[in-house]
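Everything below concerns the one structure shown next.
There are 2 protein chains.
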Amino acid sequence: MITLAVDCMGGDHGPPVTLAACRKFLDRHADARLLLVGLPDSLRAFAHERAAVVPATEVVTMDDPIEVALRKKKDSSMRVAIQQVKDGAAAAAVSAGNTGALMAIARYLLKTLEGIDRPAIATQLPNAKGAATTVLDLGANVDCTAEHLLQFAVMGSALVSVLQGGEPTVGLLNIGEEAIKGSDTIKKAGELLRSAANSGDLRFQGNVEGNDIFKGTVDIVVCDGFVGNVALKASEGVAAMIVDGLKQEFARNIFTKLAAIVAYPVLRALMKRMDYRRYNGAALLGLRGLVFKSHGSADALAFEQALNRAYDAARNKLLDRVRAQIAHAAPLLLPVEPLESGAAAMTRS
Amino acid sequence: MITLAVDCMGGDHGPPVTLAACRKFLDRHADARLLLVGLPDSLRAFAHERAAVVPATEVVTMDDPIEVALRKKKDSSMRVAIQQVKDGAAAAAVSAGNTGALMAIARYLLKTLEGIDRPAIATQLPNAKGAATTVLDLGANVDCTAEHLLQFAVMGSALVSVLQGGEPTVGLLNIGEEAIKGSDTIKKAGELLRSAANSGDLRFQGNVEGNDIFKGTVDIVVCDGFVGNVALKASEGVAAMIVDGLKQEFARNIFTKLAAIVAYPVLRALMKRMDYRRYNGAALLGLRGLVFKSHGSADALAFEQALNRAYDAARNKLLDRVRAQIAHAAPLLLPVEPLESGAAAMTRS
């Protein structure tokens, strides 16, 4: 039996969406149990033999500053859900709430794994091969050292091998010939990744560029959280612009509207392939417990996908795998020289 | 009369494309003259009363390392074209060659403007408002200080006000709520930009995210070259994936192929709106002379657009405008505290 703790209050829609997803999820997974965390009044209507309500008196909003979520709302549904993981009552927690707050609370309660300085957020993006590219970090860390990027590569490899099988390939996000190729951090990260590949810890394929994420050149793309976040949002922006442009062009006049009717099934097939909901469920990696983040705007289908990913990760013992891969790569993860200024504040746990 | 120096050998296609574009350009601009720079044998066939061949004996290839382009090929078409600008024989130079080499040679020959530490590459991307967003830097600088980002904002504002008129708005590329909002550099850049806005030097609108580039939230988006390059390439990657996906879905069977015929005019209209060729012609800003960079893969239509942009910039005295705006913002551009390690190597010219 796999037990997940669900922050039912999180996200833009709260219980109407999260509970609908929970019901479908339970119907499809006979060996799953859910701990529904939230305000009891909001969850009263839900009844299922494999679900139990865990009460929480507060809710972290999308606008709450991290400090408020962490220090003031100590009985939030988000925090209580993660506490279930810490206490061993659940194998993973899922929330569609405020990402910054989720990461801060998860880190505070669960702590980072040995050998990991900073947790990372890993998500999947569709690629031209009809598969998904896993990208990390996506916003947890704005300044990363070469060591951090290596840690992200090791954790990302564990995630993808557990969820998709095989030995996934890794690329380091860099820029092309337009400049000196990358900063000192990126160059050093490249060296560390090559060493890891030589010791059999990773399948490092070298540098990749922004477009390689969507070409599917490698299974995993590693970058710092600032760059990853910008790349993700820029990509979403282009996709939205193209979809809006299609709608506008097809709505232009009676002829284009007729064309839209004819083309609709084809466009629908394309949209389905690129549907971000299929890729919902980002992993917070590097913690002593499994936490998955859903898009705040997720509908029931998308939120269910986040539950599925948490379930797969728990069932396939992602945490053990990450721990083992980190341990194996440990000699490389030790700092080879004193860390520079920006890294001085970090603590190894 | 506006004279442009054209590196006719640059780009993936060389003279067949560049010369075809030059001919069209001359036909459309009765007050323009071109200096066609390249191997005389390759340019012999071209004859026009407002064009003259300037011979060069070497060609910088797309693969040439910067040092080779800069130190070994001293008679390259790229370098000779920029030399025309330095000598005052041309008002601007245009090349579709290797970006890194072009920036290095331009910087070496022309030097940076007073008050500018580093030149930047500014390009336009289509946005949902049917206009263009100017983004800089796109790869000239991998590590930027807050001061550099302010300089980019000032130069970008001058570029857009000269080419499009009005007082353009500026946004600072940052990440959303997913983490502590931005690095120290970004926070400090935000402060500098706000000061500049208060002194009337800029119309700074605050932080923007990756998707705002394509929403058209602001006229100009400022970022470091690493982030800008990744955002640009990720965006190109998504667009390519969607276009390929459309082609695949429409080619699936006889019904979808018929739908494609019906939908073709609509899709064509959309492609035209998003056609990168309309936005070809990136400006190298911050130099004591105008240099424009065309996509290496540009066809004649795209290369002509780069020529048009160089022509507009020269005719509207972009260099004077940049110089004036830099001078006006000079008090802000002076370092307010000693520059950190990474910036120590920079020289003010």
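Those protein sequences? They're chains X and G, same order as listed. At position 85 of the first sequence the residue is numbered 85 (full-length UniProt numbering), and the sequence of numbers has no breaks. At position 153 of the second sequence the residue is numbered 153 (full-length UniProt numbering), and the sequence of numbers has no breaks. Yeah, the Cβ is synthetic: ideal placement off N, Cα and C, and Gly gets one too. Computed from a predicted structure; not experimentally measured.
Checklist entry - Does any C-beta atom of chain G lie closer than 7 angstroms to the C-beta of X/Ile254? => result Interface criterion not met: the Cβ of X/Ile254 is under 7 angstroms from no Cβ in chain G.
Checklist entry - Cβ of X/Arg277 within 7 angstroms of Cβ of X/Leu307? => result Not closer than 7 angstroms, so no.
Item to check | Nearest residue (CA-CA) to G/Leu26, options G/Ala52, G/His148, G/Ala327, G/Ser42 | outcome: G/Ala52
Item to check | Uninterrupted alpha helix (DSSP H) stretches inside the segment 172 to 234 of chain G (no shorter than 4 residues) | outcome: Taking only runs of at least 4 residues, the alpha helix (DSSP H) segments lying wholly in the segment 172 to 234 of chain G are 184 to 198, 212 to 215.
Checklist entry - On the premise that X/Tyr311 lies in contact with X/Ala32, defined as a C-beta separation below 8 angstroms, what is that separation, rounded to the nearest angstrom? => result 6 angstroms
Item to check | Neighbouring residues, chain G, relative to X/Phe204 (Cβ below 7 angstroms) | outcome: By Cβ distance, chain G contributes nothing, its closest Cβ being about 19 angstroms from X/Phe204, past 7 angstroms.
Item to check | Under 8 angstroms from the C-beta of X/Ala231: neighbouring residues of chain G | outcome: Gly210, Val230, Ala231, Ala234
Checklist entry - Between G/Val85 and G/Gly286, is the Cβ-Cβ spacing less than 7 angstroms? => result no
Checklist entry - Is X/Pro65 helix, strand or coil by DSSP? => result coil
Next on the checklist: Excluding the 5 residues flanking G/Ala239 on each side, which residues of the same chain have their C-beta closer than 8 angstroms to its C-beta?
Outcome noted: Met274
Checklist entry - At a Cβ threshold of 7 angstroms, is X/Arg67 touching chain G? => result Contrary to the premise, residue 67 of chain X reads as Glu rather than Arg in this sequence. Not an interface residue.
Next on the checklist: If I measure Cβ to Cβ from G/Val17 and keep anything under 7 angstroms in the same chain, skipping five residues before and after, which residues do I get?
Outcome noted: Gly11, Ala298, Asp299, Ala300, Phe303
Next on the checklist: If you measure between the beta carbons of G/Ala329 and G/Asp219, is that distance less than 7 angstroms?
Outcome noted: no
Item to check | Start-to-end residues for the beta strand (DSSP E) that takes in X/Asp7 | outcome: 2 to 7
Checklist entry - Considering only residues of the same chain and omitting the five flanking positions on each side of X/Thr217, which have a CB-CB separation below 7 angstroms? => result Gly171, Val208
Next on the checklist: Suppose the cutoff is 8 angstroms on Cβ atoms and the five residues either side in sequence are ignored; what does the same chain contact list for G/Gln151 look like?
Outcome noted: Result list for G/Gln151: Gly115, Ile116, Asp117, Arg118, Ala120, Gly286, Ile326, Leu333, in chain order.
Checklist entry - Mind pulling the chain G residues with CB within less than 7 angstroms of X/Phe250? => result Here the neighbours are Val266.
Item to check | Close beta carbons around G/Ile66, own chain, < 6 angstroms, minus the five adjacent residues each side | outcome: If we look at G/Ile66 and ignore the five residues flanking it on each side, its Cβ neighbours are Gly100, Ala101, Ala104.
Checklist entry - At a Cβ threshold of 7 angstroms, is X/Ile116 touching chain G? => result no
Checklist entry - Does X/Ile213 come within less than 7 angstroms of chain G when only Cβ atoms are used? => result For X/Ile213, the nearest CB of chain G lies under 7 angstroms from its own CB, placing it at the interface with that chain.
Item to check | Test: X/Ile82 CB closer than 7 angstroms to a CB of chain G | outcome: no
Item to check | G/Asp275 CB to nearest heavy atom of the ligand FMN below 6 angstroms | outcome: This structure simply doesn't include the ligand FMN, nor any ligand for that matter.
Checklist entry - Counting only runs that start and end within the segment 82 to 118 of chain X, where is the beta strand (DSSP E) found for 3 or more residues in a row? => result 92 to 95
Next on the checklist: So, with DSSP's three-state summary, where would you put G/Glu49?
Outcome noted: Shown here, G/Glu49 sits in coil according to DSSP, grouped into three states, outside any helix or strand.
Item to check | Neighbouring residues, chain G, relative to X/Ala263 (Cβ below 9 angstroms) | outcome: Simply Phe250, Thr256, Ala259, Ala260, Val262, Ala263, Val266, Leu267.
Checklist entry - So G/Gly228 and G/Leu136 are in contact, right, with Cβ under 8 angstroms, and what is the actual spacing, rounded? => result 7 angstroms
Next on the checklist: Nearest by alpha-carbon distance to G/Ser95: which of G/Pro331, G/His295, G/Arg323 is it?
Outcome noted: G/His295
Checklist entry - Under a three-way DSSP split, which group does residue 369 of chain X fall into? => result Summary: the structure shown does not reach residue 369 of chain X, with chain X confined to residues 1 through 349, and so no result is reported for it.
Next on the checklist: Buried or exposed for X/Asn198, going by 16 or more other Cβ atoms inside 10 Å?
Outcome noted: exposed
Checklist entry - For X/Thr134, which three-state DSSP category applies? => result strand
Checklist entry - So who's on the other strand from G/Glu58, going by DSSP bridges? => result G/Ser76
Item to check | alpha helix (DSSP H) segment containing X/Leu125, residue limits | outcome: First-last for X/Leu125: 120 to 126, but that is the beta strand (DSSP E), not the alpha helix (DSSP H).
Checklist entry - Taking just the CA atoms, how far does G/Val322 sit from G/Val154? => result 8 angstroms
Next on the checklist: Tell me which residue opens and which closes the alpha helix (DSSP H) that G/Gly156 is part of.
Outcome noted: 146 to 164
Checklist entry - At what residues does the beta strand (DSSP E) containing G/Ala283 begin and finish? => result Unbroken beta strand (DSSP E) run through G/Ala283: 282 to 285.
Checklist entry - On the premise that X/Asp7 lies in contact with X/Pro37, defined as a C-beta separation below 8 angstroms, what is that separation, rounded to the nearest angstrom? => result As written in the sequence, residue 37 of chain X is Val, which differs from the Pro given in the question. X/Val37 to X/Asp7, Cβ: 6 angstroms. Contact.
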